[in-house]
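Here the numbering used here is used: the first residue of the sequence shown is 42, the next is one more, and so on.
Beta carbons: idealized from backbone N, C-alpha and C, even for Gly.
This one's a predicted model, so the numbers in the text were calculated from it and none came from an experiment.
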Amino acid sequence: MVRESRTGRDLVDSLTDGARNKVPEMEQTKFELTRRAVRLANIIEVALGECLAPWGLTLADYGVLGALQSAGQPYQLRPRELQARLLLTSGGVSGVLNRLQKAGLIERHPDADDKRSSWVLLTGAGAETASATLRACAAVQADILRKVPNGTARKAADALREVMLALGDTEPPGRRRG
Numbered sequence: 042m043v044r045e046s047r048t049g050r051d052l053v054d055s056l057t058d059g060a061r062n063k064v065p066e067m068e069q070t071k072f073e074l075t076r077r078a079v080r081l082a083n084i085i086e087v088a089l090g091e092c093l094a095p096w097g098l099t100l101a102d103y104g105v106l107g108a109l110q111s112a113g114q115p116y117q118l119r120p121r122e123l124q125a126r127l128l129l130t131s132g133g134v135s136g137v138l139n140r141l142q143k144a145g146l147i148e149r150h151p152d153a154d155d156k157r158s159s160w161v162l163l164t165g166a167g168a169e170t171a172s173a174t175l176r177a178c179a180a181v182q183a184d185i186l187r188k189v190p191n192g193t194a195r196k197a198a199d200a201l202r203e204v205m206l207a208l209g210d211t212e213p214p215g216r217r218r219g
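Take a look at the structure:
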């Protein structure tokens, strides 16, 4: 059964048609969801990568700066918390932290209570860069989605939250932001 929206067919529809012919028993709705999620992520990642280029930052760098900023004052987290929030490997986090520290955007300090751990803190320049890149990236995202009606965007965001929660991707422990 081929479904069409009121606005037409997208690239995923043609991919689904081809896949359905090869694997008729596949769950079409879940196949479409994952293909559209991946495609949207790719479109956004390319645009954000271009947006971050003037700062010399990668998407992973941006993710770390944003995670530290969202932690609230004093803008600090442990490397393991960054790893869990950003779905990076420990080696990936280490590489990002090395780059950001070299750029003067973060500092690392030993944890006085746990000698095996450390704290990662935004510097003043890091906080400024996090704010500037957040504004720039938000503008890019708004531009990408400018033709999507607000009601549709809200429904899609809420539906994707339900999907993420069903997958166990819940809010990290700690203070909840308003």
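Original post:
Excluding five sequence neighbours on each side, which residues of the same chain lie with their C-beta closer than 6 Å to the C-beta of Tyr-103?
Top reply: Numbered from 1 along the sequence shown, position 62 holds the residue referred to as residue 103. Residues of the same chain with a CB within less than 6 Å of the CB of Tyr-103, apart from the 5 flanking positions on each side, are Leu-93 and Thr-174 in chain order.
**OP:** Grab me the residues of Gly-145's own chain with a C-beta within less than 7 Å of its C-beta, minus the 5 sequence neighbours each way, in chain order.
**Re:** One-based indexing of the sequence shown puts residue 145 at position 104. By the criterion of a C-beta distance shorter than 7 Å, Gly-145 is surrounded in its chain by Thr-164 and Ala-166, once the five residues flanking it on both sides are discounted.
**OP:** Compute the Euclidean distance between the alpha carbons of Leu-52 and Ala-125, then round it to the nearest angstrom.
**Re:** As a position in the sequence shown, residue 52 is number 11, starting the count at 1. As a position in the sequence shown, residue 125 is number 84, starting the count at 1. Taking the straight line joining both Cα atoms gives about 33 Å.
Original post:
What are the residues that DSSP puts in a beta bridge with Ile-84?
Top reply: Here the question's residue 84 lines up with position 43 in the sequence shown. Per DSSP, none; premise fails for Ile-84.
Subject >> Boundaries of the alpha helix (DSSP H) in which Leu-163 is found, first to last residue >> reply: Taking the first residue of the sequence shown as 1, we reach residue 163 at position 122. Run containing Leu-163: none in the alpha helix (DSSP H); it sits in the beta strand (DSSP E), 159-163.
**OP:** Flag this pair as yes or no: are the beta carbons of Pro-213 and Ser-159 separated by less than 8 Å?
**Re:** On the sequence shown, position 172 is the one that residue 213 refers to. On the sequence shown, position 118 is the one that residue 159 refers to. Not a contact, by the Cβ cut-off of 8 Å.
**OP:** In angstroms with no decimal places, state the Cα-to-Cα distance between Thr-57 and Pro-65.
**Re:** The residue given as residue 57 occupies position 16 in the sequence shown. The residue given as residue 65 occupies position 24 in the sequence shown. Taking the straight line from one Cα to the other gives about 10 Å.
**OP:** Less than 8 Å between the CB atoms is what I'm expecting for Val-161 and Leu-127, so what's the real figure, rounded?
**Re:** Position 120 of the sequence shown, counted from the start, is the residue given in the question as residue 161. Position 86 of the sequence shown, counted from the start, is the residue given in the question as residue 127. The pair is not a contact, with the Cβ atoms about 12 Å apart (cut-off 8 Å).
Original post:
When the Cα atoms are used, what is the spatial distance from Gly-219 to Arg-61?
Top reply: Position 178 of the sequence shown holds residue 219. Position 20 of the sequence shown holds residue 61. Per-residue confidence for Gly-219 stands at a pLDDT of 44, beneath the threshold of 50, marking its modelled position as unreliable; the derived number appears in the next sentence. Here the alpha carbons of Arg-61 and Gly-219 stand approximately 44 Å from one another.
Subject >> Continuous beta strand (DSSP E) stretch holding Gly-149: start and end >> reply: Position 108 of the sequence shown, counted from the start, is the residue given in the question as residue 149. The question names Gly, but residue 149 is Arg in the sequence shown. Start and end: 147-151.
Original post:
How many angstroms separate the CA atom of Arg-217 from the CA atom of Ala-171?
Top reply: On the sequence shown, position 176 is the one that residue 217 refers to. On the sequence shown, position 130 is the one that residue 171 refers to. In this predicted model, Arg-217 has a pLDDT of only 49, less than 50, meaning its place in the structure is not dependable; the value taken from the coordinates is given anyway. If you take the alpha carbons of Arg-217 and Ala-171, they lie about 20 Å apart.
Original post:
For Gly-49, which of helix, strand or coil comes out of DSSP?
Top reply: Counting from one through the sequence shown, the residue named residue 49 turns up at place 8. The answer is strand: DSSP assigns Gly-49 an E or B state.
**OP:** Could you check the C-alpha separation between Val-189 and Pro-95 for me, to the nearest Å?
**Re:** Here residue 189 refers to the residue found at position 148 when the sequence shown is read from its first residue. Here residue 95 refers to the residue found at position 54 when the sequence shown is read from its first residue. Each residue's alpha carbon lies about 28 Å from the other.
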